[in-house]
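Visitor: Residue 248 in my numbering sits at position 245 of the sequence shown, and the numbers go up by one each step. Beta carbons are placed, not taken as given, at the ideal position from N, Cα and C, and that holds for glycine. Being a predicted model, the structure only gives us computed values, none of them experimental. Here you go, one structure.
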Amino acid sequence: KFESYVEISRQNEQFVRRIGMVGSDGKTHHFLLQFAVPYWTRTDERTAQLHQIFGQCFRNKILSSRRNLWFKPTAVVPIAQRLRMTADDRANISLNEIYMEYCFENGIDPNDSNHIFQEECKRNINESNSPEEKLGAKIRAYEHVCKTIPSNIFALAMNNYFNNVEKYFYFQRSYASQLAVNSLLQYAFDVGERSPPKLIFNRKNGHVLSPDFRFSYSNQGFLDEEKAVPFRLTRNIEEFIGAQLMKGIFKPALSSAASAICANGQNLQPALQLLTRDDIVSWYLSKSAQRDGTQRSTQDLERHLSDRVKKNVYLVQNRLRECAPRVSSDITSKTPMDDSVEKLILMATKPDNLVSMPLSFCPWL
């Protein structure tokens, strides 16, 4: 049974329709009708499978179970070649929507920050400048924009939504742990830029969704190893989580999630190879001008890309092991067990790296 009305909303710069289906449990389940190319739909299906596999690892590990780490795969149902249904919830909201509400309440143009950054860069950067001078000019432009945009927009929005200290703190803890496991996957699989419209979370339980969770390949089909920012941890997110929960929830959750996945490394390797192989084959076919979909051509392509698949799987596993806690054999060593996680956080929050991201990343938000 379908609801009698259809909602229209704007997400990721496109209008989508939200429909409601009343299930056998008597609850209304909402879905978004989206236009998408087949490669996107198949990628979202593989992402759901990946979340399902890692969720089982979290349930089988004591530390991750105690921290209540979990994944909820997003259901994606292909209807036609370029039409799909994606599971949705009314409580889902993106960082971009929070920023838009702030701009509307204060009479600010949401694009002012981008214009200010661009104007500052044009004024202070010339072709004759050295790379160090260009980077310094970008950092000064970034700091100038940060003066016009508060770093507590996210925190104030959640405080006004809950209007209760206990509920706010519970959501804050849940969001910090969910963002940690999501950040781990962003770093391990080199997911594309997480712009504000793509950072979506649920206001009821703090679950962080993964829309457009697509690997970033180089022209040769390898995962990009020279990414400036491993995951999104900008000013508003960092201030909302706070210094205490950053050390007490975010860092331990990220390390526990990596440890749980690495503990099942041998069992996960075949699944990772299958998922990465299917993804790179789909990516190659979507970029190739000749799209021969016969079984023989697909098998030849899989053999041609086998070396890339092995290297990508090795890179993913190496990044996961890097984030897992490590005990040093040197008893006099003072290096923390989660030293690698601390370095990733510093990389994600360093202005030098933030200004290197595309303008759509909005590092000041």
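With a threshold of 16 other CB atoms inside 10 Å of the CB of V344, please say whether the residue is buried or exposed.
Guide: Here residue 344 refers to the residue found at position 341 of the sequence shown. That one is buried.
Visitor: Spatial neighbours of H147 within its chain, please: CB distance less than 7 Å, with the 5 preceding and 5 following residues excluded, ordered by chain position.
Guide: In the sequence shown, residue 147 corresponds to position 144, counting from 1. Answer for H147: I119 and E123, listed in chain order.
Visitor: Could you check whether A351 and P233 sit closer than 8 Å to each other, using their CB atoms as the reference points?
Guide: Against the sequence shown, residue 233 aligns to sequence position 230. Against the sequence shown, residue 351 aligns to sequence position 348. Cβ atoms of P233 and A351: closer than 8 Å.
Visitor: Among F57, Q37 and Q302, whose alpha-carbon lies nearest the alpha-carbon of F18?
Guide: Along the sequence shown, one-based indexing puts residue 18 at 15. Ranking the options by Cα distance to F18, first place goes to Q37.
Visitor: To the nearest angstrom, how far is it from the Cα of I11 to the Cα of I22?
Guide: As a working mapping, residue 11 is identified with position 8 in the sequence shown. As a working mapping, residue 22 is identified with position 19 in the sequence shown. About 9 Å.
Visitor: Can you give the Cα-Cα distance for I56 and K207, rounded to whole angstroms?
Guide: Numbered from its first residue, the sequence shown carries residue 56 at position 53. Numbered from its first residue, the sequence shown carries residue 207 at position 204. Distance between the alpha carbons of I56 and K207: 24 Å.
Visitor: So the candidates are D281, S67, R49 and E104; which of them puts its Cα closest to the Cα of A78?
Guide: As a working mapping, residue 78 is identified with position 75 in the sequence shown. Selected option, being the one with the closest Cα: R49.
Visitor: If you draw a straight line from the C-alpha of N129 to the C-alpha of Q247, how long is it?
Guide: One-based indexing of the sequence shown puts residue 129 at position 126. One-based indexing of the sequence shown puts residue 247 at position 244. Using only the alpha carbons, I get a separation of about 42 Å.
Visitor: Exposed or buried, what is L235 when buried is set at 16 or more other beta-carbons lying within 10 Å of its beta-carbon?
Guide: Taking the first residue of the sequence shown as 1, we reach residue 235 at position 232. Per the sequence presented here, residue 235 reads as Arg, with Leu not at that position. Classification for R235: buried.
Visitor: Of the residues Y173, T31, M103 and F172, which one's Cα is nearest the Cα of L368?
Guide: By 1-based counting over the sequence shown, the position of residue 368 is 365. Among Y173, T31, M103 and F172, the Cα nearest to that of L368 belongs to M103.
Visitor: Per DSSP, what kind of secondary structure is Y220 in: helix, strand or coil?
Guide: As a first step, residue 220 must be located in the sequence shown, where it is residue number 217. In this structure, Y220 counts as strand in the three-state DSSP scheme.
Visitor: Do the stretch 315-328 and the stretch 268-288 touch if we need at least three Cβ pairs shorter than 8 Å?
Guide: yes
Visitor: Taking the alpha-carbon of A27 as reference, which of R62, A39, F5 and P134 has the nearest alpha-carbon?
Guide: As a working mapping, residue 27 is identified with position 24 in the sequence shown. Here residue 27 is Ser; the residue named in the question, Ala, does not match the sequence. Answer by Cα proximity: F5.
Visitor: Please list, in chain order, all residues of the same chain as Y178 whose beta carbon is under 8 Å from its beta carbon, the five residues on each side excluded.
Guide: As a position in the sequence shown, residue 178 is number 175, starting the count at 1. Here the set comprises F204, G209, V211, F243 and I244.
Visitor: Quick check: the stretch 303-311 against the stretch 92-112, are there 3 or more CB pairs under 8 Å?
Guide: no
Visitor: Got a sec? Which residues, its chain only, sit under 7 Å from I82 by beta carbon, not counting five neighbours each side?
Guide: Within the sequence shown, the letter at position 79 stands for residue 82. Result list for I82: M88, in chain order.
Visitor: Cutting at 7 Å between CB atoms, please list the residues of its own chain near N185, excluding the five before and the five after it.
Guide: Taking the sequence shown and counting its residues from 1, the one referred to as residue 185 is at position 182. The answer, listed in chain order, is V211 and S213.
Visitor: How far does the alpha helix (DSSP H) with I142 in it extend, from its first residue to its last?
Guide: The count along the sequence shown starts at 1 and reaches residue 142 at position 139. That run of the alpha helix (DSSP H) goes P134 to T151.
Visitor: From the DSSP output, read off the bridge partner residues of T31.
Guide: To locate residue 31, count along the sequence shown from 1; it is residue 28. In DSSP, T31 forms a bridge with V25.
Visitor: Short of 7 Å in beta carbon distance, which residues of its chain neighbour K314, apart from the five on each side in sequence? Order them along the chain.
Guide: In the sequence shown, counting from the first residue as 1, residue 314 sits at position 311. Answer for K314: F225, listed in chain order.
Visitor: Rounded to a whole number of angstroms, what is the C-alpha to C-alpha distance between A263 and S67?
Guide: On the sequence shown, residue 263 is found 260 positions in, with the first residue counted as 1. On the sequence shown, residue 67 is found 64 positions in, with the first residue counted as 1. When rounded, the distance between both Cα atoms is 7 Å.
Visitor: List the residues that DSSP assigns as beta-bridge partners of F5.
Guide: Taking the first residue of the sequence shown as position 1, residue 5 is located at position 2. Under DSSP, F5 shares a beta bridge with M24.
Visitor: Per DSSP, what kind of secondary structure is F204 in: helix, strand or coil?
Guide: Taking the first residue of the sequence shown as position 1, residue 204 is located at position 201. For F204, the three-state secondary structure derived from DSSP is strand.
Visitor: Quick one: complete alpha helix (DSSP H) runs, 4+ long, within the stretch 66-111?
Guide: 98-109
Visitor: Just reading off the beta strand (DSSP E) that E10 is part of, what are its end residues?
Guide: Along the sequence shown, read from residue 1 onward, the residue named residue 10 stands at position 7. Where E10 is concerned, the enclosing beta strand (DSSP E) stretches over E10 to Q14.
Visitor: Report the three-state DSSP secondary structure of F40 (helix, strand or coil).
Guide: Here residue 40 corresponds to residue number 37 of the sequence shown, with the count starting at 1. Looking at the sequence provided, one finds Val at residue 40 rather than Phe. Coil at V40, not helix or strand.
Visitor: Using a Cβ-Cβ cutoff of less than 6 Å, which residues in the same chain neighbour K137 once the five nearest sequence positions on both sides are dropped?
Guide: Taking the first residue of the sequence shown as position 1, residue 137 is located at position 134. If we look at K137 and ignore the five residues flanking it on each side, its Cβ neighbours are I128.
Visitor: Do the CB positions of F216 and V194 come within less than 8 Å of each other?
Guide: What you label residue 216 is simply residue 213 of the sequence shown in a count that begins at 1. What you label residue 194 is simply residue 191 of the sequence shown in a count that begins at 1. Yes, Cβ-Cβ distance for F216 and V194 is below 8 Å.
Visitor: Between R126, P354 and L53, which has its C-alpha nearest K75's C-alpha?
Guide: The residue labelled residue 75 in the question sits at position 72 within the sequence shown. Ranked by Cα distance from K75, the first of R126, P354 and L53 is L53.
Visitor: Helix, strand or coil for F18, going by three-state DSSP, please let me know.
Guide: Stepping through the sequence shown from its first residue, residue 18 is reached at position 15. Strand, per DSSP.
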